[in-house]
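Chemist:
4 protein chains.
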Amino acid sequence: ITAVVSSEDWHFAPLVIVILGASGDLAAKKTYPSLFSLYTSGLLPKQFKIIGYARSPKTILAFRGHVGKYLSNDNDKLRFLQNCEYINGQSYGDEDAFRTVNEAIQNFSPVANKLFYFAIPASTFAVSAKTIKNTVSGEGWLRIILEKPFGHDLESCRKLTESLAESYNEESLYRIDHYLGKEMVQNLMTLRFSNLYFSRLWDTQSIAAVLLTFKEPFGTDGRGGYFDKYGIIRDIIQNHLMQVLCLIAMEPPVKLDGSSSDQIRTNKVNVLKAIEAIKFEDIILGQYEGYRDDPTVPDDSTTSTFCALKLHVNTPRWEGVPFILKAGKALDERKAEIRIQFKDAPGASFMFDSPCPRNELVIRLQPREAIYIKTNVKTPGFSSQPVQSELEVDYNTRFGASDSKTNPDAYTRLILEVLRGRSAGFVRKDELEEAWRIFTPLLHRIERENVMPQIYPQGTRGPEHDVKVEEWGYLRNSEYVYYNGSVVPKSKI
Amino acid sequence: ITAVVSSEDWHFAPLVIVILGASGDLAAKKTYPSLFSLYTSGLLPKQFKIIGYARSPKTILAFRGHVGKYLSNDNDKLRFLQNCEYINGQSYGDEDAFRTVNEAIQNFSPVANKLFYFAIPASTFAVSAKTIKNTVSGEGWLRIILEKPFGHDLESCRKLTESLAESYNEESLYRIDHYLGKEMVQNLMTLRFSNLYFSRLWDTQSIAAVLLTFKEPFGTDGRGGYFDKYGIIRDIIQNHLMQVLCLIAMEPPVKLDGSSSDQIRTNKVNVLKAIEAIKFEDIILGQYEGYRDDPTVPDDSTTSTFCALKLHVNTPRWEGVPFILKAGKALDERKAEIRIQFKDAPGASFMFDSPCPRNELVIRLQPREAIYIKTNVKTPGFSSQPVQSELEVDYNTRFGASDSKTNPDAYTRLILEVLRGRSAGFVRKDELEEAWRIFTPLLHRIERENVMPQIYPQGTRGPEHDVKVEEWGYLRNSEYVYYNGSVVPKSKI
Amino acid sequence: ITAVVSSEDWHFAPLVIVILGASGDLAAKKTYPSLFSLYTSGLLPKQFKIIGYARSPKTILAFRGHVGKYLSNDNDKLRFLQNCEYINGQSYGDEDAFRTVNEAIQNFSPVANKLFYFAIPASTFAVSAKTIKNTVSGEGWLRIILEKPFGHDLESCRKLTESLAESYNEESLYRIDHYLGKEMVQNLMTLRFSNLYFSRLWDTQSIAAVLLTFKEPFGTDGRGGYFDKYGIIRDIIQNHLMQVLCLIAMEPPVKLDGSSSDQIRTNKVNVLKAIEAIKFEDIILGQYEGYRDDPTVPDDSTTSTFCALKLHVNTPRWEGVPFILKAGKALDERKAEIRIQFKDAPGASFMFDSPCPRNELVIRLQPREAIYIKTNVKTPGFSSQPVQSELEVDYNTRFGASDSKTNPDAYTRLILEVLRGRSAGFVRKDELEEAWRIFTPLLHRIERENVMPQIYPQGTRGPEHDVKVEEWGYLRNSEYVYYNGSVVPKSKI
Amino acid sequence: ITAVVSSEDWHFAPLVIVILGASGDLAAKKTYPSLFSLYTSGLLPKQFKIIGYARSPKTILAFRGHVGKYLSNDNDKLRFLQNCEYINGQSYGDEDAFRTVNEAIQNFSPVANKLFYFAIPASTFAVSAKTIKNTVSGEGWLRIILEKPFGHDLESCRKLTESLAESYNEESLYRIDHYLGKEMVQNLMTLRFSNLYFSRLWDTQSIAAVLLTFKEPFGTDGRGGYFDKYGIIRDIIQNHLMQVLCLIAMEPPVKLDGSSSDQIRTNKVNVLKAIEAIKFEDIILGQYEGYRDDPTVPDDSTTSTFCALKLHVNTPRWEGVPFILKAGKALDERKAEIRIQFKDAPGASFMFDSPCPRNELVIRLQPREAIYIKTNVKTPGFSSQPVQSELEVDYNTRFGASDSKTNPDAYTRLILEVLRGRSAGFVRKDELEEAWRIFTPLLHRIERENVMPQIYPQGTRGPEHDVKVEEWGYLRNSEYVYYNGSVVPKSKI
């Protein structure tokens with residue numbers, strides 16, 4: 038890949054990366070390490086500069102010290118930090134300060150590509166964009182990376198979108214959903230379209246249900262203030278899980294790498310267009326026991342920390358197939374998974390005189406990336422009864438994926454995509470709006486009616502939802518145990 | 038399974054097993070250990086007796102000593118041997134001797150199930166059957182196990198079949214093809230019919246080619262006399278590989294365990310009926326360098342030790358799909374495998390701007406049973422190019438299949454089937470005849486024209502055949518390396 | 038076809054046809070006209086003789102006069118009748134009389150093929166067969182044609198079968214189900230297997246329901262005595278409709294014309310084996326108003342003159358597809374039809390913002406043979422709404438099928454098959470037994486519990502059953518009108 | 038439909054239709070009759086005015102007389118003509134004259150929807166548009182209808198597009214391809230997506246080849262001047278047939294009537310994007326004998342009057358399926374047809390011991406709209422051989438489609454679509470450009486190398502092309518005769 042990238046035009050041009058919100062958490066945890074990772078992999082242009090911008094006054098050295106804390110120790114660390122500068126301003130509308138930024142850019146190179154990373158609250162997006170427009174000049178492209186939340190309902194999303202559109206057109210805006218940077222999510226199109234056996238089975242004729250799961254084993258841990266205003270649907274489902282759903286459900290693009298044509302995003306929008314607004318009776322809400330004990334959470338909060346819901350994609354490919362999205366905090370484990378459950382093998386239970394569990398394709402996004410298909414085999418030995426096993430590829434075992442070089446962080450991947458001008462992995466404004474269209478009536482009703490979620494104990498699978506999920510069409514095979522690559526005890530065969 | 042078996046009728050009845058050819062190799066290596074294995078697993082009836090019969094005079098103790106040599110040391114060994122007796126006769130037509138056998142049976146129990154194991158040359162089958170018919174009496178079933186070769190062409194096969202039919206009807210005859218006793222072969226119907234994803238892909242719409250391979254890393258080792266008269270086609274392809282082919286290609290039976298209905302065998306015969314006699318231009322013959330140095334092989338032998346051939350199954354399911362059968366001695370490795378190669382993922386090479394290798398389902402019969410599907414994934418990391426990996430279940434890792442309790446020998450499995458009266462795993466006479474119909478014209482032409490096979494060096498993949506096999510429709514992906522569960526070196530990703 | 042037939046061996050051999058029950062109704066209405074039709078088509082051997090046998094004394098001339106009444110006027114009529122003779126006997130066990138028959142045969146030709154047509158009550162089958170066996174001799178094949186009823190439940194059927202088996206083996210017995218002689222029924226395999234578009238759609242993935250209908254517009258008309266003992270299930274469903282069902286549901290044979298292999302019948306039996314005994318809750322029974330007024334019917338008769346029922350064929354191909362069988366007397370029209378209703382076009386109702394009726398393949402057996410597929414097209418003109426029309430082939434319009442030369446009677450076709458030794462179109466004993474196995478428990482329960490059917494007015498669609506049929510899975514499109522080839526009035530488009 | 042239309046907003050607003058080129062052929066033959074037809078069907082708004090514009094001075098009465106000549110006699114004719122006015126100008130850039138037009142509009146109604154119909158040469162499109170922009174004002178929408186040719190290669194097309202874009206945006210421009218107004222072309226999406234049996238078969242798994250044919254029985258008839266500059270590829274194939282191809286090959290839209298979303302056109306563009314530029318070896322060119330005798334054609338013209346070519350749509354749905362486009366003048370008949378040829382029924386030729394012709398779906402666009410599927414049935418009568426027949430719906434017979442009320446002219450349909458603002462049936466600029474991208478290299482090479490087409494006699498099927506077409510993958514069944522609804526002579530069955 039280094040060979041490919043280093044022959045691309047932008048790689049020969051000077052590059053300035055301006056990080057708004059340079060003192061914040063996001064910049065520290067994601068932006069700096071990702072840029073450093075690109076640097077050490079030789080994926081940044083030779084000539085580059087990083088300018089931190091924030092409100093607090095800080096010397097360049099102090100800034101470098103701050104950034105350095107978040108980088109792994111490496112011979113290249115010092116050389117990387119020498120490319121970092123810092124400028125502070127009164128606000129994100131401080132035109133004088135931004136003019137200083139512009140001067141720094143011009144001094145670095147009059148012709149330079151410019152990447153503005155908005156590691157700042159969404160409320161400051163519009164003013165920042167406007168100020169940049171008014172102050173930053175010079176040849177070379179100018180791109181902006183934005184982070185969620187992109188509004189809290191359809192109307193607020195539209196307002197945000199429109200206010201940004203006053204300064205920059207859609208092509209310059211790269212909205213990050215970091216799920217689109219995960220190895221297994223990026224893998225979805227390769228899996229679906231380069232494998233006959235998946236491409237042939239990927240529709241309502243073969244698929245009984247699709248289940249997307251996000252589970253966290255911890256709660257808000259005393260920092261529930263932000264979360265409480267959003268809740269699990271806005272925090273995880275409406276964006277991350279819906280993005281994954283789109284990639285699972287979309288029609289094939291003509292070309293995979295069609296950065297210009299924007300076809301992948303158009304196909305994703307078409308998935309959303311085929312989804313009707315979620316019905317209230319198709320959701321289950323939960324709140325973990327003790328959530329309100331978080332001092333930053335109101336004592337009477339009805340915010341959900343768990344949600345399972347069902348929706349349908351009304352296209353010829355998916356007619357009748359339930360998509361079940363499930364996310365929760367303070368559950369029994371950490372896991373993000375895609376489960377494609379296939380239909381019953383026709384006639385099998387009659388032929389074998391016993392029920393045959395369904396095949397299921399599991400794509401584990403985290404932790405420990407893996408793909409496996411639950412598959413029935415004859416019970417080894419004298420018996421002729423079927424038993425469920427699995428065909429698997431574990432990315433650690435097969436590709437050494439625990440190594441961050443092999444398996445770079447989502448942010449690192451996505452920033453590289455921005456630099457390369459490949460927009461397919463970012464969220465277009467019509468995707469945002471369609472996603473909000475689907476969820477807004479539900480969210481408004483929950484708020485209006487102050488719906489109380491079911492309370493569930495921490496460390497469990499969440500509130501009772503298995504029966505409902507089975508009604509929706511996903512069958513759990515409670516007999517099956519996943520042995521994660523180890524030998525099954527004989528007593529269990 | 039022990040629970041199931043021990044509740045079946047036959048398990049409560051006395052059982053006598055008479056082994057004709059009790060001094061021979063087959064009995065020693067397969068029959069005794071298998072019976073002992075059934076015994077130690079509690080699968081033989083409480084009341085049983087084993088009677089060895091051969092021409093050499095021997096005391097019972099000597100016989101027990103002989104048998105004992107082939108059994109693993111186990112506390113049960115002595116008790117097992119106490120059930121063994123020995124009777125000798127002039128020949129397999131010696132009615133007096135067989136009457137002595139009958140007396141021994143009557144003495145043991147006037148009512149007893151009787152299993153005659155013909156571990157003797159095929160030329161003595163008919164006379165043995167006739168003598169048994171004339172001398173052995175008493176209530177209880179009487180079944181006969183036969184071993185290949187069942188003739189050397191259509192005519193000789195028919196003669197053999199007819200001479201046996203004079204004494205016993207088809208229901209009493211159990212013709213062993215030990216490939217039908219292998220775990221992965223017995224697994225085929227479960228794989229095909231209890232898994233939606235295989236059942237849906239199992240036809241000409243999705244499958245490009247089927248490849249059955251048998252490879253041995255050694256030659257005849259000085260004992261080529263028998264082999265030279267048969268050659269690799271008769272030794273491996275016409276029976277073992279064709280049996281496997283039938284199970285891959287057959288239509289679904291109504292019930293899997295329909296011992297009475299005999300439906301599985303009828304469906305297998307229908308596969309054979311849909312195959313036309315092999316064409317001479319559809320085969321490649323080879324003989325390994327040094328084969329004729331075997332002192333038991335004629336100096337001018339044109340017997341093939343390698344053969345690859347193509348045939349078609351002319352049913353709606355298989356129209357146009359080449360079945361390629363390949364077997365050889367003195368090759369580079371020991372392996373028996375089924376490879377189901379799927380068609381190209383439609384449109385993928387255009388979409389990915391690069392060729393995408395084909396999916397392939399590999400079922401490894403031996404050594405180390407495993408199932409894997411070659412599957413394209415995104416190259417892990419920054420790249421978006423597809424690379425071929427595999428989803429796999431390895432029976433050693435998953436089921437501890439290196440343990441003979443978990444994974445009993447083919448003979449052990451098959452003898453149990455005979456005792457249970459389940460005939461589906463044995464070769465019916467019309468299967469034999471259809472298989473010979475397919476091969477006889479080819480074999481006769483090779484012999485008539487004294488066709489000389491290509492010479493290939495020992496320890497190689499055999500004579501040049503890859504180009505032809507590709508013409509037939511099976512594409513080798515030479516880029517792909519099978520890592521057998523270990524991590525792929527980074528340089529290879 | 039005349040060319041093909043006249044080159045077959047049997048066509049050069051002398052043929053004797055002996056009709057037992059020569060004075061009866063069946064012989065008069067079906068046997069004589071069919072033989073005459075074969076004769077005028079040049080399909081009988083040059084040298085043939087017809088011998089009528091019955092209990093009433095009659096001269097040959099009288100017999101010829103009797104036969105002649107049932108033949109169309111034709112130049113060939115006289116010549117045909119000159120080949121007819123008559124012999125009478127005391128009973129169907131009268132060996133002397135049958136010896137006379139044998140003499141007549143010998144006199145005609147010592148070497149002759151012999152066809153015995155049993156146009157007699159089933160109660161006389163066994164004795165007739167035995168008498169023939171004891172008296173008739175000479176070279177040439179001997180075949181027997183039998184007519185239903187073949188018993189009235191599983192046990193009586195087995196008895197009948199066994200008593201016949203004592204005299205003749207299965208290969209000599211040709212059991213007629215005249216539905217197997219209908220053009221459209223004989224067409225089924227060609228339709229299914231020679232057309233890609235049917236073969237590809239012929240399974241549970243595409244088919245929602247199969248409906249087989251038999252409707253008669255008249256009741257028993259004063260001759261209900263026989264019918265009352267049997268009822269509509271035994272009279273129509275258990276035999277005729279089940280035979281049609283088997284041909285619809287069966288797996289493909291290797292060869293269509295495999296007279297010897299008997300594969301088609303084996304595949305039909307496998308369909309029956311995959312059907313469980315009908316459940317009482319899966320039937321609807323009816324009796325038309327006035328049925329008991331028939332003087333030959335008991336005043337308290339609970340015999341059904343209408344039945345609709347549902348069953349499942351538990352094979353991979355048909356899992357989940359309801360087969361609905363419906364037959365009735367005194368209904369609104371005369372019709373026998375097969376309806377294959379396809380599933381909803383996936384996603385169509387969402388795409389078109391309106392429900393799209395299902396496709397349906399209709400095969401009309403009688404009257405006026407036709408095949409059509411209900412197909413949605415755009416409403417012609419400015420509208421873009423879908424409307425249901427049909428693609429059709431009408432056998433009268435396309436093939437002139439109202440002409441009996443083009444479209445010979447079922448009996449004529451079947452008698453020719455017997456002469457040619459093609460048994461695929463006749464009912465094998467295991468088919469009979471499996472069919473009875475499916476219906477016997479139901480029939481016994483109805484009789485044991487004296488279940489009263491719903492009364493329905495004559496000339497209607499029968500008792501209320503549409504709701505139930507819809508629950509079973511077949512949807513009626515009440516909007517659709519079948520215009521039978523004529524232009525749809527504009528107001529209806 | 039009248040009910041639907043008359044409730045739409047535009048139908049209540051005043052409407053002005055300005056026809057540029059009011060004296061020309063196109064206006065006379067298509068525009069006036071279509072507008073009149075809409076008028077008599079009640080589909081024009083109550084308040085409407087038609088303004089003819091051309092360079093020749095003419096009184097309003099004379100104009101009305103001119104228009105009247107092209108209208109059918111009808112009671113409404115006079116009332117219709119009273120709404121027609123005429124204005125003449127110096128040129129299509131005559132701003133004064135256009136101001137007069139604007140005044141006439143304002144006088145009619147200050148608020149009015151305005152439709153400009155460009156029945157003028159493409160060379161005057163840009164200036165006309167610009168003049169309109171500069172002169173015409175007032176509330177209400179303004180839409181422009183354009184007619185081909187849209188350039189003669191990629192570059193000229195782009196220029197034309199760009200010059201128009203300077204005055205009006207894409208949403209206001211309605212480019213007519215009158216093939217998109219044909220009943221059967223408009224029917225394509227209903228056929229494909231509302232019928233399970235077509236939707237399930239519509240891909241490379243079932244379809245062997247797609248053939249689009251346009252045949253005219255006459256040549257240029259002395260008016261070849263225009264044609265000679267374009268040739269058959271530009272005249273018929275690059276636009277009309279490619280438009281039809283797009284509708285056949287496109288992926289399903291989410292909604293059929295998505296006027297706003299423009300999804301159908303996006304999906305059509307995606308089809309074009311998946312087609313590579315036509316290869317020179319994949320075409321056959323012809324010129325009919327006598328073409329150069331046309332006095333308006335150069336004596337050494339190498340212009341093609343016939344072309345057959347093959348291309349591929351490289352999507353998952355169509356991988357490997359040849360699309361064959363064929364158009365010609367002076368051939369044996371008038372016909373425009375779509376032929377979808379299905380693959381061989383798998384295994385059928387082995388099962389039937391005879392070749393079974395392929396199914397073929399034929400959609401006849403003209404003359405006499407019809408849809409039929411060539412289908413194999415058993416030869417009626419005694420034979421069991423398959424013979425090809427067809428299931429058909431003939432629009433004349435079924436819907437009385439010879440009546441222009443039922444089946445309005447393409448122009449009438451399309452003008453109504455413009456009025457309703459439904460743009461899906463018009464050609465978007467990226468469609469134009471992609472279509473030219475595919476054909477331009479080929480056209481340029483033909484011109485550069487002055488390639489001489491094969492000469493073929495008038496009234497024939499064109500130059501020899503059947504062998505090539507068969508190589509490409511379309512098999513002609515020469516045995517088959519289409520009887521057009523009439524009975525097949527017995528000798529032909």
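Protein sequence lines, in the order shown, are assigned to chains A, B, C and D. Take 38 as the starting number for the first sequence in my numbering and just add one per residue. Take 38 as the starting number for the second sequence in my numbering and just add one per residue. Take 38 as the starting number for the third sequence in my numbering and just add one per residue. Take 38 as the starting number for the fourth sequence in my numbering and just add one per residue. We put the CB at the ideal spot given by N, CA and C, even for glycine. Just so you know, these numbers come straight off a predicted model, no measurement behind them.
(1) Less than 8 Å between CB atoms is the rule here; does V291 (chain D) satisfy it with respect to chain A?
(2) So the beta strand (DSSP E) E132 (chain B) belongs to, where does it begin and stop?
(3) If we count the other Cβ atoms within 10 Å of its Cβ and call it buried at 16 or more, is S441 (chain D) buried or exposed?
(4) Can you list the residues of chain C that E356 (chain A) reaches, using a CB-CB cut of under 7 Å?
(5) How about T68 (chain C) and Y154 (chain C): do their beta carbons lie closer than 8 Å?
(6) Report the CB separation of W355 (chain A) from T241 (chain A) in whole angstroms; it is logged as a contact under 8 Å.
(7) Run the CB neighbour count on G102 (chain D), radius 10 Å, all protein chains shown included, and call it buried at 16 or more, exposed below.
(8) For L5 (chain A), which beta-bridge partners are listed by DSSP?
(9) Of the choices A:L346, A:R459, A:T352, whose alpha-carbon is the least far from that of K505 (chain A)?
(10) Just tell me which of A:Y517, A:E429, A:R465 has its CA closest to the CA of C194 (chain A).
(11) In angstroms, rounded to a whole number, what distance separates the CA positions of L63 (chain A) and E501 (chain A)?
(12) My assumption, with CB atoms under 8 Å, is that Y267 (chain D) sits in contact with I410 (chain C). Please give the rounded CB distance.
(13) Does the distance from the CB of A134 (chain A) to the CB of E122 (chain A) come in under 8 Å?
(14) Which of helix, strand or coil does DSSP assign to T443 (chain A)?
(15) Any Cβ of chain C within less than 8 Å of the Cβ of V308 (chain D)?
(16) Please state whether the Cβ-Cβ distance between L238 (chain A) and R237 (chain B) is less than 8 Å.
Modeler: With the given structure in hand:
(1) In the fourth sequence, the residue the question calls residue 291 (chain D) occupies position 254. Answer yes: the Cβ-Cβ gap between V291 (chain D) and chain A drops below 8 Å somewhere.
(2) Here residue 132 (chain B) refers to the residue found at position 95 of the second sequence. For E132 (chain B), there is no enclosing beta strand (DSSP E); the residue is found in the alpha helix (DSSP H) stretching over 132-145.
(3) Translated into the one-based positions of the fourth sequence, residue 441 (chain D) becomes position 404. Exposed, because fewer than 16 other Cβ atoms sit within 10 Å of the Cβ of S441 (chain D).
(4) For this step, residue 356 (chain A) is matched to residue 319 along the first sequence. Residues of chain C passing the Cβ test: P383, G384.
(5) Numbered from its first residue, the third sequence carries residue 68 (chain C) at position 31. Numbered from its first residue, the third sequence carries residue 154 (chain C) at position 117. For T68 (chain C) and Y154 (chain C), yes; Cβs fall inside 8 Å.
(6) Residue 355 (chain A) sits at position 318 when you count from the first residue of the first sequence. Residue 241 (chain A) sits at position 204 when you count from the first residue of the first sequence. The beta-carbon distance between W355 (chain A) and T241 (chain A), rounded to whole angstroms, is 6 Å. This is short enough to meet the 8 Å contact definition.
(7) Locating residue 102 (chain D) in the fourth sequence gives position 65, counting from the first residue. When all chains shown are included, G102 (chain D) counts as exposed.
(8) With chain A covering 38 to 530 only, the question about residue 5 (chain A) has no answer from this structure.
(9) Along the first sequence, read from residue 1 onward, the residue named residue 505 (chain A) stands at position 468. Nearest of A:L346, A:R459, A:T352 to K505 (chain A), Cα basis: A:L346.
(10) Counted from its first residue, the first sequence places residue 194 (chain A) at position 157. Per the Cα distances, A:R465.
(11) Locating residue 63 (chain A) in the first sequence gives position 26, counting from the first residue. Locating residue 501 (chain A) in the first sequence gives position 464, counting from the first residue. Their Cα atoms are separated by approximately 35 Å.
(12) Walking along the fourth sequence from the start, residue 267 (chain D) turns up at place 230. Walking along the third sequence from the start, residue 410 (chain C) turns up at place 373. In fact, because the Cβ distance is near 41 Å, the residues do not count as touching under 8 Å.
(13) One-based indexing of the first sequence puts residue 134 (chain A) at position 97. One-based indexing of the first sequence puts residue 122 (chain A) at position 85. Taking 8 Å as the Cβ cut-off, A134 (chain A) and E122 (chain A) do not qualify as a contacting pair.
(14) Walking along the first sequence from the start, residue 443 (chain A) turns up at place 406. It is coil, neither helix nor strand.
(15) For this step, residue 308 (chain D) is matched to residue 271 along the fourth sequence. For V308 (chain D), no Cβ of chain C is located within less than 8 Å of the residue's own Cβ.
(16) By 1-based counting over the first sequence, the position of residue 238 (chain A) is 201. By 1-based counting over the second sequence, the position of residue 237 (chain B) is 200. Yes, they are a contact pair.
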